[in-house]
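Step one of this worksheet: look at the structure below.
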Amino acid sequence: MATIERKNIVITGGSRGIGYEAARLFVEQGHRVWVLSRSEVGYSGIRWIGCDLSDHASVESAAMIIRSEVERVDILLHNSGYLVNSPFDSITPEQLVASYGVNVFGPFWLTQHLLPVLRGAHVVGISSMGGISGTSKFPGLAAYSSSKGAIIPLFELLQEELGASHVLSFNILALGAVQTEMLSAAFPGYQAPLSAFEMGKYVVDFCLNGHKYFKGKVLPVSVSTP
């Protein structure tokens, strides 16, 4: 039987949904997994680090803990998402700042602070079909979709700036409807065609192998939207 190369994997927002399923599957395959989230992850084999991705000091502290425990990170999965479902004229400054804090600033800061241990890594961002220009948009999701869209040019730029010098691969998966708590909050009563476990399996495979075929790309992963 072939031996699987054990990888060091950092995931944000792995306490539930797609991130949790991906983290669990990585552990079951024998990889080392760190999860950064505000809510504790109670799954054996996952190293949980409490972190508020919208707070720079919290992100920096989490990154320093990881760097003290490992010499390299092979996969960095930016999975966290902050959803506000509200009419445009009712979105508060606090909600807008929180949306961009978790969905944009957090990935920016964490990649920055982990850069010394990311050489050769695959950095994957989870975006949304609603964040891609020209796709269907839905009322109430101005803060969420615009912030999830903002990570796309960031990753494209980082591929150009850091890809060669740090041997890095940056890719975005723009997801359609997946049955999670977040989808239920955005579209109450809607039943998605894919479960969090099914999408988690896809994300795991892409994290492990997608960099062999894609660099600096945005890949729609969608059966329906929603």
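Going letter by letter, the sequence shown gives residues 15 to 240 in this note's numbering. Ideal Cβ positions, reconstructed from N, Cα and C, are used throughout, including at glycine.
Nonlocal neighbours in the same chain, by C-beta distance under 7 Å from F211, ignoring five residues either side: Numbered from 1 along the sequence shown, position 197 holds the residue referred to as residue 211. Answer for F211: E35, listed in chain order.
As assigned by DSSP and simplified to three states, the class of H236: For the purposes of this step, residue 236 is taken as the residue at position 222 of the sequence shown. Position check: residue 236 holds Ser in this sequence, whereas His was assumed. Residue state for S236 is assigned as coil, using DSSP reduced to three classes.
CB-CB under 8 Å to A112, same chain, minus the five flanking residues each way: which ones, in chain order? Position 98 of the sequence shown holds residue 112. Once the five neighbours on either side are set aside, the close Cβ partners of A112 are S68, Y96 and V98.
Per-residue DSSP class, three states only, for L187: Residue 187 sits at position 173 when you count from the first residue of the sequence shown. In this structure, DSSP gives L187 an extended state, which the three-state scheme calls strand.
The alpha helix (DSSP H) spanning L182 covers which residue range? If you number the sequence shown from 1, residue 182 lands on position 168. Careful: L182 lies outside any alpha helix (DSSP H) and carries neither H nor E.
Unbroken beta strand (DSSP E) run spanning S150, endpoints: The residue given as residue 150 occupies position 136 in the sequence shown. Run containing S150: none; DSSP gives neither H nor E here.
Taking C-beta to C-beta, are W62 and V73 nearer than 8 Å? By 1-based counting over the sequence shown, the position of residue 62 is 48. By 1-based counting over the sequence shown, the position of residue 73 is 59. The beta carbons of W62 and V73 sit no closer together than 8 Å.
Straight-line CA distance for F287 to P240? There is simply no residue 287 to check, as the chain begins at 15 and stops at 240 in what is shown.
For M78, does the count of other Cβ atoms within 10 angstroms reach 16, so buried, or fall short, so exposed? Within the sequence shown, residue 78 is the residue found at index 64, counting from 1. By the Cβ neighbour-count rule, M78 is exposed, with fewer than 16 other Cβ atoms within 10 Å of its own.
Find out if the Cβ-Cβ distance for the pair I23, N93 is shorter than 8 Å. As a first step, residue 23 must be located in the sequence shown, where it is residue number 9. As a first step, residue 93 must be located in the sequence shown, where it is residue number 79. No, Cβ-Cβ distance for I23 and N93 is not below 8 Å.
In terms of residues, what are the limits of the beta strand (DSSP E) holding T26? Residue mapping note: residue 26 aligns to position 12 of the sequence shown, counting from 1. Run containing T26: N22 to T26, per the beta strand (DSSP E) assignment.
Among L208, P130 and Y227, whose alpha-carbon lies nearest the alpha-carbon of F184? Along the sequence shown, one-based indexing puts residue 184 at 170. Checked all of L208, P130 and Y227; the closest Cα to F184 is Y227.
Can you tell me whether S159 is buried or exposed, with buried defined as 16 or more other CB within 10 angstroms of its CB? Numbered from 1 along the sequence shown, position 145 holds the residue referred to as residue 159. Buried.
Which complete beta strand (DSSP E) runs does the region 51-122 hold, if anything under 3 residues is left out? 60-64 and 89-92, all fully within the region 51-122.
Element boundaries [beta strand (DSSP E), containing V138]: Indexing the sequence shown from 1 puts residue 138 at position 124. Element bounds for V138: H136 to S142.
State the beta-bridge partners of K231 as determined by DSSP. For the purposes of this step, residue 231 is identified with residue 217 of the sequence shown, where counting begins at 1. Beta-bridge pairing by DSSP links K231 to N185.
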